[in-house]
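Asks: Residue numbers (the working numbering): 1 to 259. From the three backbone atoms N, C-alpha and C, an ideal C-beta is built for every residue, glycine too. Please see the structure below; I have some questions.
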Ligand code: GLP
C-alpha cells in the first residue's frame, strides 16, 4: 500500500487526478472504475477542468461504476447513473455508450449483476478503480460482513449506510438494496485508488489500513491488493498509528525523484 497524507482535501483531488491523468496518457483507452459519493467529487471537478483545458481526453475511455440502487432507473434523480452524469459524464468528452452503471431497474437484478460482472471481464478488466470508504468501512455497497470473495451481486444496505445516504436529502426514500461490484471484483482491478477526506472517515481508514483483514471491515481487503494507492487528508488520517512510517516513505520518495 502506498499511503499519501496530503495537506488538504483539494491536494487529495489534485494528486488523484494526476494518477488518473498518468494512466490516461499511457493508455488512452483505459478502463476506469468509478465511485459515487461526496469524496470523489473534487477529483471529478479536477478531471473536468483538465479535460476542458484540452490536457486530458476521455474520448476512448470506458468507465464502470461500482454500484447502483435497486429499483432505481437511470433517469431517477437520485440514481447513481444520474449522479455520474451530473458530476462527470456530461462535462467531458467520454462516449456515453462507454459509461457503464449497473441497471438498478432491471426486472432480473440477479441476472443483471452477473452480466455486469461478465461485462467487466469481457472488456478486459478495470485498469484503475477509484474507491471511497463508508464510515462503516464499506467499499461500493459491500457492507460489513460481505465476503472477501464476493462478486457483483444484490446487497442489502446497512442502517448506518441508509442514514448516511439520506443526509441532506430529506425527501429521498433511499432504496434498501443495491447492485454492487463484489470485493473480489474490486480486487481484480489492476490498481486501486482509495480516497478519504474528513474526520468522519478517520476510524474507518485506520481499520482499513492498519486493522486486521476482515469481512467486518470490507475496506481492509485493499491490504490484499499489490497496487493500492491511498490518498488522505490529515483529518481522515488522524487515527493512523504508522503515520511516522508513511512520512518516512514520502521523504524517501522525494529523495529518489529529486536525483
Ligand atoms: C456510498 C457508496 C460508496 C462510497 C461511500 C462513501 O454509499 N456506495 O461507493 O464510497 O458511500 O461515500 P462518501 O464519499 O459520500 O462518504
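Specify the secondary structure class of residue 185 as computed by DSSP and reduced to three states.
Replies: Translated into positions along the chain shown, residue 185 becomes position 185. In the structure shown, residue 185 sits in a helix (DSSP, three-state: H, G or I).
Asks: Given a cut-off of 8 Å on the beta-carbon distance, is the pair residue 129 and residue 186 in contact?
Replies: What you label residue 129 is simply residue 129 of the chain shown in a count that begins at 1. What you label residue 186 is simply residue 186 of the chain shown in a count that begins at 1. Taking 8 Å as the Cβ cut-off, residue 129 and residue 186 qualify as a contacting pair.
Asks: Indicate the three-state DSSP secondary structure (helix, strand or coil) for residue 12 in the structure shown.
Replies: Numbered from 1 along the chain shown, position 12 holds the residue referred to as residue 12. Of the three classes helix, strand and coil, the one that applies to residue 12 here is helix, per DSSP.
Asks: Roughly how far, in whole angstroms, is the beta-carbon of residue 222 from the beta-carbon of residue 208, given that I think they are within contact range, below 8 Å?
Replies: Sequence index remark: in the chain shown, residue 222 carries index 222 (1-based). Sequence index remark: in the chain shown, residue 208 carries index 208 (1-based). With a beta-carbon spacing of about 6 Å, residue 222 and residue 208 fall inside the 8 Å limit used to define contacts.
Asks: Would the C-beta of residue 35 count as close to the ligand GLP, meaning under 7 Å from any of its heavy atoms?
Replies: To locate residue 35, count along the chain shown from 1; it is residue 35. The answer is yes for residue 35.
Asks: For residue 78, name the three-state secondary structure that DSSP assigns.
Replies: Residue mapping note: residue 78 aligns to position 78 of the chain shown, counting from 1. Three-state DSSP puts residue 78 in coil, outside helix and strand.
Asks: Tell me whether residue 161, by its Cβ, gets closer than 7 Å to a heavy atom of the ligand GLP.
Replies: Numbered from 1 along the chain shown, position 161 holds the residue referred to as residue 161. At least one heavy atom of the ligand GLP is nearer than 7 Å to the Cβ of residue 161, so yes.
Asks: Taking contact to mean at least 3 C-beta pairs separated by less than 8 Å, is the segment 211-225 in contact with the segment 141-161?
Replies: yes
Asks: I want to check one thing, is the minimum distance from the CB of residue 132 to the heavy atoms of the ligand GLP below 7 Å?
Replies: Taking the first residue of the chain shown as position 1, residue 132 is located at position 132. Yes, Cβ of residue 132 sits closer than 7 Å to a heavy atom of the ligand GLP.
Asks: Quick check on residue 67: buried or exposed, where buried means 16 or more other Cβ atoms within 10 Å of its Cβ?
Replies: By one-based count along the chain shown, residue 67 stands at place 67. Buried, because 16 or more other Cβ atoms sit within 10 Å of the Cβ of residue 67.
Asks: Counting along the chain, where does the beta strand (DSSP E) carrying residue 95 start and finish?
Replies: Position 95 of the chain shown holds residue 95. Here residue 95 belongs to no beta strand (DSSP E), and DSSP marks it neither H nor E.
Asks: Beta-carbon within less than 7 Å of residue 210's beta-carbon, same chain only, minus the 5 sequence neighbours each way: which residues are those?
Replies: Sequence index remark: in the chain shown, residue 210 carries index 210 (1-based). Beyond the five residues adjoining it in sequence on each side, residue 210 comes within less than 7 Å, by CB distance, of 240, 241, 242 in the same chain, given in chain order.
Asks: Tell me which residues share the same chain as residue 228 and place their Cβ nearer than 6 Å to its Cβ, disregarding the 5 neighbours each side in the sequence.
Replies: Taking the first residue of the chain shown as position 1, residue 228 is located at position 228. 1, 192, 222, listed in sequence order.
Asks: Going by Cα to Cα distance, which pick from 137, 214, 24 is closest to residue 55?
Replies: Within the chain shown, the letter at position 55 stands for residue 55. Restricting attention to 137, 214, 24, the CA atom closest to the CA of residue 55 is found in 24.
Asks: Given that a residue counts as buried once 16 or more other Cβ atoms are within 10 Å of its Cβ, and exposed if not, what is residue 155?
Replies: The count along the chain shown starts at 1 and reaches residue 155 at position 155. Answer is buried; the Cβ neighbour count reaches 16.
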